[in-house]
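K.L.:
Before I ask anything, let me first share the structure, which is written out below as structure tokens.
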Amino acid sequence: MATARPVGSGLVTEQTELKVSSATVRKELGALEEEGFLHQPHTSAGRVPTDKGYRYFIDALMGPSSLDSAQNERISDFFARSHGELERILRDTSRLLAGVTDYAAVVVAPKPDAANVRAVQLVSLEPRVVLLVVVLSNGGIERRTFELDADMTEQQVASAQALLAPAMVDGTEDAIAPSGDSDVDHLLADAVGSLETSDGLDGRVHVGGRSSVAAGFDQTEKVAQVLQLFERQLLVVTLIRDVLDRGLSVAIGSETGVQNLNECSLVVAPYQVQGSDAGSIGVIGPTHMNYPQALAAVAVISHQLGEHLTRG
9 MATARPVGSG LVTEQTELKV SSATVRKELG ALEEEGFLHQ PHTSAGRVPT DKGYRYFIDA
69 LMGPSSLDSA QNERISDFFA RSHGELERIL RDTSRLLAGV TDYAAVVVAP KPDAANVRAV
129 QLVSLEPRVV LLVVVLSNGG IERRTFELDA DMTEQQVASA QALLAPAMVD GTEDAIAPSG
189 DSDVDHLLAD AVGSLETSDG LDGRVHVGGR SSVAAGFDQT EKVAQVLQLF ERQLLVVTLI
249 RDVLDRGLSV AIGSETGVQN LNECSLVVAP YQVQGSDAGS IGVIGPTHMN YPQALAAVAV
309 ISHQLGEHLT RG
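Reading the sequence shown from the start, the letters are residues 9 to 320 in our numbering.
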């Protein structure tokens, strides 16, 4: 993990307190290789862990992990000073996580239904174009633009807002009474229906630390493959959700189910808003990543992000 280089028997005997010979260590390394925990890149090299070896390390050998006081203070200071729109908070959080771990970090935005509506505004942009702005309790802002079939006056837009805003804040938008104006009713129906679509904040991915990918891999081709993954937001969201759905916090190499990530590991955690899972965060790095630190950082930042968004 520290050097990304194969470890030989001589290094094991030099840097441990094992009172055995290099020959004994070589024999044990060979046995672990036969059982699939290690592999030898080439004949004269030492050994490196396989996916199975890293999995055993995480599940059976690695003890509880924590961040040092400086890192914890850095994270606490960040959330104490973090204010503004949800999009900016999530973007900055991805950069924070990347800075703490030195790996590429992803933050998946919460679903709009994970928060309550705080305010609603309808704005007439043109006689046939209206903008809907919804402010959520977690700091998120949803925007929708509507093209209407007929011109609509400022007064009609104001009438629609007067009916829509209190209903959405109270969560009773499905029971809005007819306004008596068909154009206003059509606008109300479009506004309510638009927020049920999936093109809002749900699934939006913020990536920090792209430059860290280059430092984690020797092969330019592998760097390019990982960077391309970040451009496919739906794949990133699906990958993270699949890992969490399997009850895992770490997916190693082939466990990700994505061929281009067969030399990568993914450490993930959900974050909660108002007591319910809302979004998720994670880091992607080489399989020789520092798992204790990555797991600790993801755990701490996911918790503090959820607490911060819950407080609004």
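By construction, the Cβ of each residue, glycine as well, lies at the ideal position given by its N, Cα and C atoms.
Here the structure is a predicted model, which is why all the values come from computation and not from measurement.
State the Cα-Cα distance for the pair residue 138 and residue 316, rounded to the nearest angstrom.
P.N.:
For the purposes of this step, residue 138 is taken as the residue at position 130 of the sequence shown. For the purposes of this step, residue 316 is taken as the residue at position 308 of the sequence shown. Answer to the nearest angstrom: the Cα atoms are 32 angstroms apart.
K.L.:
Does the segment 105-120 come into contact with the segment 155-166, if we say contact requires no fewer than three beta-carbon pairs (one atom in each stretch) closer than 8 angstroms?
P.N.:
In the pairwise beta carbon analysis, the segment 105-120 is classified as not touching the segment 155-166: fewer than three pairs are separated by under 8 angstroms.
K.L.:
Give the straight-line distance between the Cα atoms of residue 253 and residue 246, rounded to the nearest whole angstrom.
P.N.:
Counting from one through the sequence shown, the residue named residue 253 turns up at place 245. Counting from one through the sequence shown, the residue named residue 246 turns up at place 238. Straight-line Cα distance between these residues: approximately 10 angstroms.
K.L.:
Counting pairs of Cβ atoms below 8 angstroms between the segment 65-85 and the segment 169-189, do you hit three or more?
P.N.:
no
K.L.:
Enumerate in chain order the residues of its own chain whose CB-to-CB distance from residue 99 is below 7 angstroms, with the five nearest sequence positions on each side excluded.
P.N.:
Numbered from 1 along the sequence shown, position 91 holds the residue referred to as residue 99. The residues are 214.
K.L.:
As a quick exercise: from 243, 282, 263, pick the residue whose alpha carbon is nearest that of residue 60.
P.N.:
Translated into the one-based positions of the sequence shown, residue 60 becomes position 52. The shortest Cα separation from residue 60 among 243, 282, 263 belongs to 263.
K.L.:
Nearest to residue 36 by CA position, among 51, 49, 50, 20, is which residue?
P.N.:
As a working note, residue 36 is residue 28 in the sequence shown. For the residues 51, 49, 50, 20, the minimum Cα distance to residue 36 belongs to 20.
K.L.:
What does a CB cutoff of less than 7 angstroms around residue 186 pick up in its chain, not counting 5 residues either side in sequence?
P.N.:
As a position in the sequence shown, residue 186 is number 178, starting the count at 1. Here the set comprises 193.
K.L.:
What are the start and end residues of the alpha helix (DSSP H) that includes residue 87?
P.N.:
Taking the sequence shown and counting its residues from 1, one reaches residue 87 at position 79. Residues 77-89.
K.L.:
With a 10 Å radius around its C-beta and 16 neighbouring C-beta atoms as the bar for buried, classify residue 127 as buried or exposed.
P.N.:
Here residue 127 refers to the residue found at position 119 when the sequence shown is read from its first residue. Label assigned to residue 127: exposed.
K.L.:
Using 10 angstroms around the beta-carbon of residue 294, count the other beta-carbons present and answer buried if the total reaches 16, otherwise exposed.
P.N.:
Taking the first residue of the sequence shown as 1, we reach residue 294 at position 286. Buried, because 16 or more other Cβ atoms sit within 10 Å of the Cβ of residue 294.
K.L.:
Residue 190 and residue 160 look like a contact to me (Cβ under 8 angstroms); what is the Cβ gap, rounded to whole Å?
P.N.:
Indexing the sequence shown from 1 puts residue 190 at position 182. Indexing the sequence shown from 1 puts residue 160 at position 152. That pair is no contact at about 11 angstroms.
K.L.:
Using the DSSP secondary-structure output, state which residues sit across from residue 288 in a beta bridge.
P.N.:
Reading the sequence shown from its first residue, position 280 is the one you call residue 288. Looking at the DSSP assignment, residue 288 forms a beta bridge with 116, 278.
K.L.:
Nearest to residue 219 by alpha carbon, out of 101, 111, 115?
P.N.:
Position 211 of the sequence shown, counted from the start, is the residue given in the question as residue 219. Nearest C-alpha to residue 219: 111.
K.L.:
Quick one, are the C-beta atoms of residue 278 and residue 73 less than 7 angstroms apart?
P.N.:
Looking up residue 278 in the sequence shown gives position 270. Looking up residue 73 in the sequence shown gives position 65. Against a cut-off of 7 angstroms, the Cβ pair of residue 73 and residue 278 comes out as no contact.
K.L.:
If you run the structure through DSSP and keep just helix, strand and coil, what is residue 273?
P.N.:
Mapped onto the sequence shown, residue 273 falls at position 265. Residue 273 falls in the strand class under three-state DSSP.
K.L.:
Is DSSP giving residue 209 helix, strand or coil here?
P.N.:
One-based indexing of the sequence shown puts residue 209 at position 201. Per-residue confidence for residue 209 stands at a pLDDT of 43, beneath the threshold of 50, marking its modelled position as unreliable; no derived number is given.
K.L.:
For residue 11, does the count of other Cβ atoms within 10 angstroms reach 16, so buried, or fall short, so exposed?
P.N.:
In the sequence shown, residue 11 corresponds to position 3, counting from 1. Residue 11 comes out exposed.
K.L.:
Excluding five sequence neighbours on each side, which residues of the same chain lie with their C-beta closer than 7 angstroms to the C-beta of residue 296?
P.N.:
Walking along the sequence shown from the start, residue 296 turns up at place 288. The residues are 9, 12.
K.L.:
Counting pairs of beta carbons, one from the segment 254-274 and one from the segment 227-242, are three or more of them closer than 8 angstroms?
P.N.:
The way I'd put it, the segment 254-274 does touch the segment 227-242; three or more beta-carbon pairs between them come closer than 8 angstroms.
K.L.:
Among all the DSSP beta bridges, which residues are the ones paired with residue 132?
P.N.:
By one-based count along the sequence shown, residue 132 stands at place 124. Answer is 138.
K.L.:
Given a threshold of 16 other Cβ atoms within 10 Å of its Cβ, counted over all protein chains shown, does residue 96 qualify as buried or as exposed?
P.N.:
Within the sequence shown, numbered from 1, the residue matching residue 96 stands at position 88. Exposed, since its Cβ has fewer than 16 Cβ neighbours within 10 Å.
K.L.:
Within the same chain, show all residues whose beta-carbon is closer than 7 angstroms to that of residue 125, passing over the 5 residues directly before and after it, in chain order.
P.N.:
The residue you call residue 125 lines up with position 117 of the sequence shown. Excluding sequence neighbours, residue 125 sits near 142, 144, 176, 177.
K.L.:
Which of the three DSSP states, helix, strand or coil, is assigned to residue 225?
P.N.:
Indexing the sequence shown from 1 puts residue 225 at position 217. Coil, per DSSP.
K.L.:
Between residue 318 and the rest of its own chain, which residues show a CB-CB distance below 7 angstroms, the 5 nearest in sequence each way excluded?
P.N.:
Here residue 318 is taken as the residue at index 310 of the sequence shown, counted from 1. Apart from the 5 residues on each side of it in sequence, residue 318 sits with its Cβ closer than 7 angstroms to the Cβ of 281, 282 in its chain, given in chain order.
K.L.:
Excluding the 5 residues preceding and the 5 following residue 16 in the sequence, name in chain order all residues of the same chain whose CB lies nearer than 6 angstroms to its CB.
P.N.:
Position 8 of the sequence shown, counted from the first residue, corresponds to residue 16. Annotation for residue 16: 54 place their beta carbon closer than 6 angstroms to its own, counting only its chain and skipping 5 residues before and after.
K.L.:
For residue 155, which option in 196, 320, 88 has the closest C-alpha, if you only look at C-alpha atoms?
P.N.:
By 1-based counting over the sequence shown, the position of residue 155 is 147. Answer by Cα proximity: 196.
K.L.:
State the CB to CB distance for the pair residue 115 and residue 287, rounded to an integer number of angstroms; the pair is presumed to be in contact (CB under 8 angstroms).
P.N.:
For the purposes of this step, residue 115 is taken as residue 107 along the sequence shown, with counting starting at 1. For the purposes of this step, residue 287 is taken as residue 279 along the sequence shown, with counting starting at 1. About 7 angstroms separates the beta carbon of residue 115 from that of residue 287, a gap short enough to meet the 8 angstroms contact definition.
K.L.:
So the alpha helix (DSSP H) residue 175 belongs to, where does it begin and stop?
P.N.:
Within the sequence shown, residue 175 is the residue found at index 167, counting from 1. Counting along the chain, the alpha helix (DSSP H) containing residue 175 begins and ends at 162-178.
K.L.:
Which residues in the same chain as residue 258 place their Cβ atom closer than 6 angstroms to its Cβ, once the five residues preceding and following it in sequence are excluded?
P.N.:
In the sequence shown, the residue the question calls residue 258 occupies position 250. Same-chain partners within the cutoff: 66, 275.
K.L.:
Note the first and the last residue of the continuous alpha helix (DSSP H) segment covering residue 97.
P.N.:
Residue mapping note: residue 97 aligns to position 89 of the sequence shown, counting from 1. Unbroken alpha helix (DSSP H) run through residue 97: 94-109.
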